[in-house]
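Sequence order for the protein chains is A and B. The first sequence maps to residues 581 to 849 in my numbering. The second sequence maps to residues 128 to 441 in my numbering. All C-beta atoms, glycine included, are put in the ideal place defined by N, C-alpha and C.
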Amino acid sequence: MNDTKAAPAAAARGRGGLVGAAAAEWTKLWGVRSTWVSLASTAALVVAYTVIVGVSARSSTAQSSGGEPPTDPLANLGTGVVFMGQFAVLALATMVIASEYATGSIRGTLQCVPVRHRMLLSKSVVLVPVLFVTGLVVAPLGLGSAVVALGDVADPVTAGASVRQALAVGGYLGAVGMISIGIGAAVRSVAGTITVGFLVLLVLPMTLQSVSVEFVQKAGDYLPGPAGMALMGVSESDTYGPGAAAALLVFWALAANAAGYWVLRNRDA
Amino acid sequence: MITLSGLTKRYGTVTAVDGLDLEITPGRVTGFLGPNGAGKSTTMRMILGLDRPTAGRALVNGKQYEELRHPLREVGALLDAKAVHPGRTARNHLLSMARSNGIARRRVDEVLEVVGLTSVASRRVGLFSLGMGQRLGIAGALLGDPGVLIFDEPVNGLDPDGVRWVRSIARSLAEEGRTVFLSSHLMSEMQQTADQVVVIGKGKLIADTPVLELIERSSLGTVRVRVPDPADRADLVRRIGTAGFGTELTADDALVVRGARPEQIGDLAHEAGVRLHELRLQEPSLEEAYMELTSDSVEYGTARSANVTGGWDA
Ligand SMILES: Nc1ncnc2c1ncn2[C@@H]1O[C@H](COP(=O)(O)OP(=O)(O)OP(=O)(O)O)[C@@H](O)[C@H]1O
Ligand SMILES: [Mg+2]
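Given below as structure tokens:
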């Protein structure tokens with residue numbers, strides 16, 4: 581133990597602030613096995629979805645029954661992300677913040693980084709790029725499995741469209757992560773975050789779709805899930821294009837984090 | 128240096144901390160005492176910026192916790208040692224803390240060494256015993272080499288060896304000129320560790336005095352007298368009673384006289400011609416002084432019986 585005055589010696593690098601906070605989050609993220617499990621699950625879920633849909637599309641085309649079988653590999657990838665893959669991302673984001681409330685380690689985190697907006701931001705600063713890269717990896721895997729599963733009924737896929745779709749998948753997963761972090765900070769419980777996340781990302785848009793009031797249907801189109809579908813070109817309605825979808829996702833990510841920040845500011849840890 | 132001014136915390140209708148004014152100064156160990164639910168942990172959480180005070184302020188080195196640029200380098204705290212993700216290794220936990228405050232990586236290995244966890248640094252924290260978790264919490268507090276240390280019941284769950292170890296750490300930190308603020312329910316331990324004690328009850332300040340002064344001031348200093356002959360004993364008890372002191376009989380042939388000096392009892396015995404086998408001043412302990420101070424403010428107490436030695440009639 582050194583003298584009190586020796587404290588700066590221990591602090592070889594003067595880092596702290598957002599950079600330090602993000603470095604700490606990065607260290608924490610890769611310090612638990614469940615991170616790898618979640619990321620691998622994201623890929624596995626998307627692949628599984630494209631295989632199931634692809635195989636069934638092939639058989640339904642063979643028997644030529646039903647309307648339009650989903651034979652576009654890029655579309656199958658996109659719907660796979662929305663219907664399955666994103667929930668592994670929701671689980672990961674839940675572990676990043678809501679489970680800190682469950683273990684009580686949020687207090688330790690706030691002792692290290694007491695500035696609330698910095699603490700909250702540092703989570704997204706780390707998670708969003710990780711998820712974007714995950715999307716870039718998941719996309720070719722899901723596309724490959726979609727093509728293989730569809731076999732000779734697969735629609736042709738161009739390189740340009742594939743790259744665009746990979747960026748869209750990465751962007752959407754990043755947005756889902758950031759939205760979930762905001763929800764986690766606002767809701768503060770694992771079960772609550774997963775429930776609210778599930779509602780916002782999938783259940784609510786689908787429920788609103790089925791309401792026969794046009795205004796309500798339209799409103800549902802602007803939720804994060806439908807925005808993701810628009811971004812990945814698998815939207816059922818053509819209310820807006822990919823550019824507006826991206827802007828909408830950014831809006832939801834910021835709004836969720838604003839809500840999370842408000843709770844962080846106003847409630848005891 | 129920790130400065131509390133008018134610090135108040137209400138949870139709904141419960142006032143957990145009620146207008147605390149306090150200065151916790153460097154260079155000594157300040158013990159923080161009070162019955163269960165007195166507001167000790169709440170006070171510490173407010174110092175660390177985790178709970179927002181309803182009124183008043185808590186400052187560390189003149190600043191609110193949130194204003195500290197590198198908080199871990201100024202304040203080290205152990206609140207709840209179990210509050211770590213169970214799937215993380217001890218080293219990963221400390222490393223993330225170090226990175227958040229720009230603390231050199233080698234410091235992680237240093238503190239692991241200090242608390243004796245080097246050999247289990249790569250084990251997951253979920254597998255740690257209570258005492259190992261406590262040691263990890265202390266490692267985290269020491270990590271930034273801070274000038275202010277806050278420990279909430281640090282010896283909770285430690286073996287006797289660990290208790291002594293915490294005592295020596297607290298002592299040496301204070302001797303290095305740091306501020307050490309430590310809560311505990313172990314009075315004998317506190318008596319040996321603390322220089323100053325702060326006692327609160329129901330959120331209010333009851334005492335803020337040097338340990339020795341608090342003990343001396345206590346009226347519970349007693350004189351132990353052993354009188355072998357039962358008749359003599361009864362006689363002496365009567366005389367002591369007449370002189371205005373209270374007596375209590377212990378299990379053997381001794382009397383315990385409250386508030387008297389040994390010479391006064393010796394004189395009384397001499398006048399009565401009573402033969403004594405022992406005449407000894409019993410120093411009051413912190414525990415007794417504490418019990419006396421807080422008897423009115425025990426919130427979740429059991430009925431306290433003053434005399435468990437049973438009835439005795441002269
Ligand atoms: N988050 C909370 N919400 C509501 N009441 C609370 C909260 N935290 C503490 N309290 C109440 O405030 C009071 C003080 O609690 P605190 O934990 O500070 O006591 P303590 O002195 O640390 O007790 P102990 O010795 O048992 O640890 C208690 O009555 C407790 O029930
Ligand atoms: Mg407590």
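Residue interval of the alpha helix (DSSP H) (run including residue i)
i, result
"Leu784 of chain A", "Leu784 to Ser790"
"Val282 of chain B", "Segment: none, Val282 of chain B is in no alpha helix (DSSP H) and carries neither H nor E."
"Ala835 of chain A", "Pro822 to Asn846"
"Arg298 of chain B", "Pro287 to Glu302"
"Thr714 of chain A", "Arg696 to Leu730"
"Asp362 of chain B", "Pro357 to Thr369"
"Glu390 of chain B", "Pro389 to Ala399"
Residue from the options whose Cα sits closest to the Cα of residue i
i, options, result
"Val144 of chain B", "B:Thr421, B:Lys331 and B:Val383", "B:Lys331"
"Gly176 of chain B", "A:Leu723, A:Pro649 and A:Cys692", "A:Cys692"
"Val268 of chain B", "B:Glu398, B:Ala208 and B:Ile367", "The amino acid at residue 268 of chain B is misidentified as Val; the sequence shows Ala. Nearest option by C-alpha distance: B:Ala208."
"Ser249 of chain B", "B:Asp178, B:Asp236, B:Gly258 and B:Val241", "B:Asp236"
"Leu844 of chain A", "A:Glu680, A:Arg696 and A:Gln666", "A:Arg696"
"Asn656 of chain A", "A:Ala836, A:Gln797, A:Ala637 and A:Ala682", "A:Ala637"
"His404 of chain B", "B:Arg218, B:Glu316 and B:Arg360", "B:Arg360"
"Asp423 of chain B", "B:Val364, B:Lys329, B:Asp288 and B:Gly154", "B:Lys329"
"Ser299 of chain B", "B:Gly154, B:Thr130, B:Glu340 and B:Ala182", "B:Gly154"
"Thr170 of chain B", "B:Arg200, B:Tyr138 and B:Leu195", "B:Tyr138"
"Gly264 of chain B", "B:Gly164, B:His220 and B:Ala165", "B:His220"
"Leu723 of chain A", "A:Trp606, A:Thr683 and A:Ala624", "A:Ala624"
"Leu397 of chain B", "B:Gly373, B:Ile367, B:Val383 and B:Gly133", "This sequence places His at residue 397 of chain B; Leu is not what is there. Nearest of B:Gly373, B:Ile367, B:Val383 and B:Gly133 to His397 of chain B, Cα basis: B:Ile367."
"Gly189 of chain B", "B:Met128, B:Ser256, B:Phe372 and B:Asp356", "B:Met128"
"Asp735 of chain A", "A:Thr651, A:Gly596 and A:Ile774", "A:Thr651"
"Leu408 of chain B", "B:Leu420, B:Thr245 and B:Arg385", "B:Arg385"
"Val661 of chain A", "A:Ser817, A:Gly596, A:Gly764 and A:Ser621", "A:Ser621"
"Ser168 of chain B", "B:Gln191, B:Asp279 and B:Val364", "B:Asp279"
"Ser223 of chain B", "A:Glu605, A:Leu670 and A:Val612", "A:Glu605"
Nearest-angstrom beta carbon gap, residue j and residue i [assumed within contact, 8 Å]
i, j, result
"Ala381 of chain B", "Arg353 of chain B", "4 Å"
"Pro822 of chain A", "Gly808 of chain A", "The Cβ separation is near 10 Å, so there is no contact."
"Ala766 of chain A", "Leu654 of chain A", "Incorrect: roughly 34 Å between the Cβ atoms, too far for contact."
"Val187 of chain B", "Val202 of chain B", "5 Å"
"Val350 of chain B", "Ala378 of chain B", "17 Å between Cβ atoms; not a contact."
"Val338 of chain B", "Leu413 of chain B", "6 Å"
"Ser345 of chain B", "Glu415 of chain B", "6 Å"
"Ala204 of chain B", "Ile277 of chain B", "4 Å"
"Pro213 of chain B", "Arg251 of chain B", "7 Å"
"Val241 of chain B", "Ala266 of chain B", "7 Å"
"Tyr752 of chain A", "Leu811 of chain A", "6 Å"
"Leu672 of chain A", "Leu619 of chain A", "7 Å"
"Pro162 of chain B", "Leu134 of chain B", "Wrong, their Cβ atoms sit about 19 Å apart, outside the cutoff."
Heavy atom of ligand 2 within 7 Å of residue i beta-carbon
i, result
"Asp359 of chain B", "no"
"Ser311 of chain B", "no"
"Ser71 of chain B", "The question about residue 71 of chain B has no answer, for chain B in this structure spans 128 to 441."
"Ser168 of chain B", "yes"
"Asp394 of chain B", "no"
"Asp178 of chain B", "no"
"Asp279 of chain B", "yes"
Contact test: residue i Cβ vs ligand 1 heavy atom, cutoff 7 Å
i, result
"Asp207 of chain B", "no"
"Thr140 of chain B", "no"
"Asp848 of chain A", "yes"
"Ala334 of chain B", "no"
"Gly164 of chain B", "yes"
"Gly161 of chain B", "yes"
"Ala143 of chain B", "yes"
Segment limits, beta strand (DSSP E) that includes residue i
i, result
"Ala165 of chain B", "First-last for Ala165 of chain B: undefined, no H or E at that position."
"Glu150 of chain B", "Val141 to Ile151"
"Ala673 of chain A", "Here Ala673 of chain A belongs to no beta strand (DSSP E); instead the alpha helix (DSSP H) covers Gln666 to Val676."
"Gln191 of chain B", "Looking at the DSSP string, Gln191 of chain B is not in any beta strand (DSSP E), and its letter there is neither H nor E."
"Asp379 of chain B", "Per DSSP, Asp379 of chain B belongs to no beta strand (DSSP E) and is neither H nor E."
"Ser817 of chain A", "Here Ser817 of chain A belongs to no beta strand (DSSP E), and DSSP marks it neither H nor E."
Exercise for the section: Tell me, please, whether the segment 690 to 704 of chain A touches the segment 736 to 753 of chain A by the rule of three or more beta-carbon pairs shorter than 8 Å. Expected result: No: the two stretches stay apart, fewer than three of their Cβ pairs being nearer than 8 Å.
Practice task
Take every Cβ of the segment 322 to 342 of chain B, pair it with every Cβ of the segment 151 to 159 of chain B, and state whether three or more of those distances are shorter than 8 Å.
Solution key: Flag = yes, the segment 322 to 342 of chain B and the segment 151 to 159 of chain B touch.
Practice task
Check whether the segment 675 to 685 of chain A touches the segment 758 to 776 of chain A, counting contact only when three or more Cβ pairs, one atom from each stretch, lie closer than 8 Å.
Solution key: These segments touch.
Handout entry: Three-pair Cβ contact test at 8 Å for the segment 133 to 150 of chain B versus the segment 792 to 805 of chain A
Key = No: the two stretches stay apart, fewer than three of their Cβ pairs being nearer than 8 Å.
Practice task
Would you check if the segment 253 to 260 of chain B and the segment 303 to 310 of chain B touch, i.e. whether three or more CB-CB distances between them fall below 8 Å?
Solution key: No: fewer than three Cβ pairs fall under 8 Å.
Handout entry: Stretch-stretch touch, CB-based, cutoff 8 Å, three pairs: the segment 598 to 608 of chain A with the segment 219 to 235 of chain B
Key = Per the Cβ contact rule, the segment 598 to 608 of chain A is in contact with the segment 219 to 235 of chain B (3 or more Cβ pairs under 8 Å).
Practice task
Evaluate the contact criterion for the segment 213 to 228 of chain B versus the segment 277 to 297 of chain B: three or more CB pairs, one atom per stretch, below 8 Å.
Solution key: No: the two stretches stay apart, fewer than three of their Cβ pairs being nearer than 8 Å.
Exercise for the section: Evaluate the contact criterion for the segment 290 to 300 of chain B versus the segment 376 to 395 of chain B: three or more CB pairs, one atom per stretch, below 8 Å. Expected result: Too few Cβ pairs lie closer than 8 Å, so no.
Practice task
Taking 8 Å as the threshold, find out whether the segment 717 to 731 of chain A comes into contact with the segment 624 to 634 of chain A through three or more Cβ pairs.
Solution key: At 8 Å Cβ cutoff, the stretches touch.
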